[in-house]
Amino acid sequence: MPRPLRVIAASLALLLATACNSASSGGSDPTSVRGVTADTVKVGGIVSMTTASGYSKKDTDLGARARYDRANAEGGVNGRKIEYLGAEDDGQDPARNLAAARKLVQQDKVFAVSPMSSVTFAGADFLDAQKVPTVGWGTLPSFCGPAHLYGFNGCLVPTPGGTLNQTWPEGLAAVLDGSRGKSVALIAGDNDAGKFGVRTFTQGFKAAGFQVAYAKAVVPATSMPSDWSAYTKEILRSGPGGGAPDAVVSVMQTPYNIGLFTALKRSGYKGVISDPTDYDPGLLAKDATKQALDGVHVLLQFQPFESDSPAMRQFKEDIRKAAGGKDVPLNMHMMTGYMSADLFLSVAAKAGKDLTVESFQKAASAFSDTGTLVGDRALPKGRKESFGCGALVQLKNGRYEVAVPFTCYPPIPFG
């Protein structure tokens, strides 16, 4: 080979080697960052679309898509469009949750997972170890502490040293004209989420001045009871003097709540009933469901759909567009997906044009904003405590009404 050609060949080899080394070392070249190209960011989700009980969070996916669609219509994040792959269905099964996480990272090569909404999060350790920014509904301990996992409204199930959101206890105190001398019964499913929920809400209700008369995570999580009498009898004898408590709080999902609330009402219970999941006009299509939920106070950790803030108007417009221009009944799962996507987009925007896991984490370490649908947000605070805001709505005569307006309460230490 003539000398000039040898020099050119050597130069090309050096350039190729340099490029390969840059890609393998995770440099600033966007092609070296998993899921990031010069003009796209790949994101996936994990959602319980189907479950054994029939309960579904499928609209979480629609909510996320609505927010990503608007971001893309506005030019993306620092010039990159979001390539949203949709949500994997974990069926509320731990093995499927982990499998979904592995697929999204190892096969689909996503940069981030947002939303993640399920009662199980077996994929948490894997996603954190793989340094995958993950945003979801922080109702599980996995969202409280790991470096790469974020709850869209903070950590709702903290570890000792964190804080507790007092929206539910303070809201029910307002409904009952104060907590002094009032008793509450807490019931949950026999799973990790239920046990943590009972533990945290027991402390929260006591701190708000309630007497916690009953607090058990005993309902089978994998098979819904056909007979609720054993649970209702114990609850209705748990109050002062062996009577009924002033309020029954269920930390369970809709099908379980329908069964429990129906049994309580048939037993003649006249106290306050509350849960954190049944804010969904679609549930009112069946008369039996409507009757079971009538009068129930539902905890929200976002502005009620009945509010008329600019942020709520934008949410409704985005959902309508994502639903093909149709006015679809709104539900809390849409909000879960929407705000998970919103938090990811907000942090990614602050990370700048050079989007890497490191730049995302750096942006998250000093992130804050105000006036969102979940109140004021701040990170890394949100990895140890919730953003502290919420409301209560009550179903009355087939319509949801705001019982306690969206308010931000001071958190209390959890221990």
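First residue of the sequence shown: 10, per the working numbering; consecutive thereafter. Ideal Cβ placement from N, Cα and C applies to all residues, glycine included.
Just grab the DSSP bridge partners of residue i for me.
| i | result |
| --- | --- |
| residue 405 | 408 |
| residue 395 | 163 |
| residue 400 | 309 |
| residue 387 | 377 |
| residue 99 | According to DSSP, residue 99 bridges with nothing at all. |
| residue 422 | 172 |
| residue 271 | Per DSSP, none; premise fails for residue 271. |
| residue 283 | 258 and 306 |
| residue 46 | Note: residue 46 sits in no beta bridge, so no partner. |
| residue 416 | 399 |
Examine chain D for any beta-carbon lying closer than 7 Å to the beta-carbon of residue i, and answer yes or no.
| i | result |
| --- | --- |
| residue 216 | Judged by its chain identifiers, the structure shown contains no chain D, having just a single protein chain. |
Report the residue from the options whose alpha carbon sits nearest the alpha carbon of residue i.
| i | options | result |
| --- | --- | --- |
| residue 51 | 379, 391, 381 and 366 | 366 |
| residue 357 | 58, 107, 326 and 143 | 143 |
| residue 128 | 86, 301 and 59 | 59 |
| residue 301 | 407, 170, 42 and 329 | 407 |
| residue 3 | 281, 298 and 282 | Any property of residue 3 remains undetermined from this structure, which presents the chain solely from 10 to 424. |
| residue 351 | 240, 122 and 215 | 122 |
| residue 315 | 292, 226, 409 and 117 | 409 |
| residue 154 | 424, 251, 392 and 415 | 392 |
| residue 180 | 397, 61 and 264 | 397 |
| residue 64 | 413, 267 and 108 | 267 |
| residue 42 | 390, 382, 304 and 368 | 368 |
| residue 317 | 280, 364, 258 and 382 | 382 |
| residue 274 | 295, 293, 238 and 294 | 238 |
| residue 257 | 263, 283, 265 and 271 | 283 |
| residue 48 | 422, 226 and 364 | 364 |
| residue 264 | 287, 214 and 213 | 287 |
| residue 292 | 158, 341, 178 and 150 | 341 |
| residue 77 | 61, 242 and 324 | 324 |
| residue 348 | 337, 338 and 327 | 327 |
| residue 167 | 62, 213 and 360 | 213 |
| residue 203 | 83, 285, 370 and 320 | 285 |
| residue 56 | 394, 380, 343 and 424 | 343 |
| residue 151 | 371, 394, 424 and 420 | 394 |
| residue 319 | 62, 82 and 380 | 380 |
| residue 211 | 259, 170 and 186 | 259 |
| residue 103 | 330, 424, 390 and 149 | 149 |
Leaving out five residues before and five after residue i in sequence, what residues of the same chain have Cβ atoms less than 8 Å from its Cβ?
| i | result |
| --- | --- |
| residue 345 | 66, 69, 72, 124, 126, 145, 146 and 161 |
| residue 182 | 188, 191, 217, 218 and 219 |
| residue 95 | 53, 54, 70 and 74 |
| residue 405 | 303 and 304 |
| residue 139 | 114 |
| residue 420 | 172, 173, 174, 175, 394, 395 and 397 |
Can you list, in chain order, the residues of its chain whose CB lies under 7 Å from that of residue i, leaving out five sequence neighbours each side?
| i | result |
| --- | --- |
| residue 86 | 50, 80, 354, 357 and 358 |
| residue 245 | 253, 276 and 278 |
| residue 34 | Note that residue 34 scores 32 on pLDDT, short of 50, meaning its location in the model is unreliable and no value can be drawn from it. |
| residue 199 | 226, 227, 228, 229 and 230 |
| residue 422 | 172 |
| residue 412 | 184, 306, 401, 402 and 403 |
| residue 39 | Here residue 39 scores only 46 on pLDDT, less than 50, and its place in the model is too uncertain to base an answer on. |
Leaving out the 5 sequence neighbours to the left and right, which residues in its chain are closer than 6 Å to residue i when beta-carbon positions are compared?
| i | result |
| --- | --- |
| residue 248 | 192, 222 and 254 |
| residue 110 | 132, 135 and 136 |
| residue 334 | none |
| residue 362 | 87 |
| residue 241 | 272, 273 and 276 |
| residue 417 | 384, 397 and 398 |
| residue 415 | 312 and 400 |
| residue 321 | 312 |
| residue 441 | Nothing can be reported for residue 441: it is not among the residues displayed for the chain, which extend from 10 to 424. |
| residue 194 | 222, 223, 244, 247, 254 and 257 |
- Message: Contact between the region 83–97 and the region 127–134 is defined here as three or more beta-carbon pairs at a separation below 8 Å; is this criterion met?
- Response: no
- Item | Length at least 3, wholly inside the region 49–95: the beta strand (DSSP E) runs in chain order | 49–56
- Hey, is the region 205–213 in contact with the region 229–243, meaning 3+ C-beta pairs nearer than 8 Å? no
- Query: Are at least three pairs of beta-carbons, each pair with one atom in the region 161–169 and one in the region 386–394, less than 8 Å apart?
  - Reply: yes
- Item | Segment contact flag, the region 303–317 with the region 387–401, C-beta cutoff 8 Å, min 3 pairs | yes
- With a floor of 4 residues, list each alpha helix (DSSP H) that falls wholly inside the region 120–193, ordered by position along the chain. 133–138 and 176–184
- Task: Determine, using beta-carbon pairs with one atom in the region 364–379 and one in the region 96–104, whether at least three such pairs fall under 8 Å.
- Result: no
- Message: Going residue by residue through the region 182–269, where are the continuous alpha helix (DSSP H) segments of at least 4 residues, counting only ones entirely within it?
- Response: 201–216 and 238–245
- Task: Entirely within the region 303–374 and at least 3 residues each: give me those beta strand (DSSP E) ranges in chain order.
- Result: 306–309
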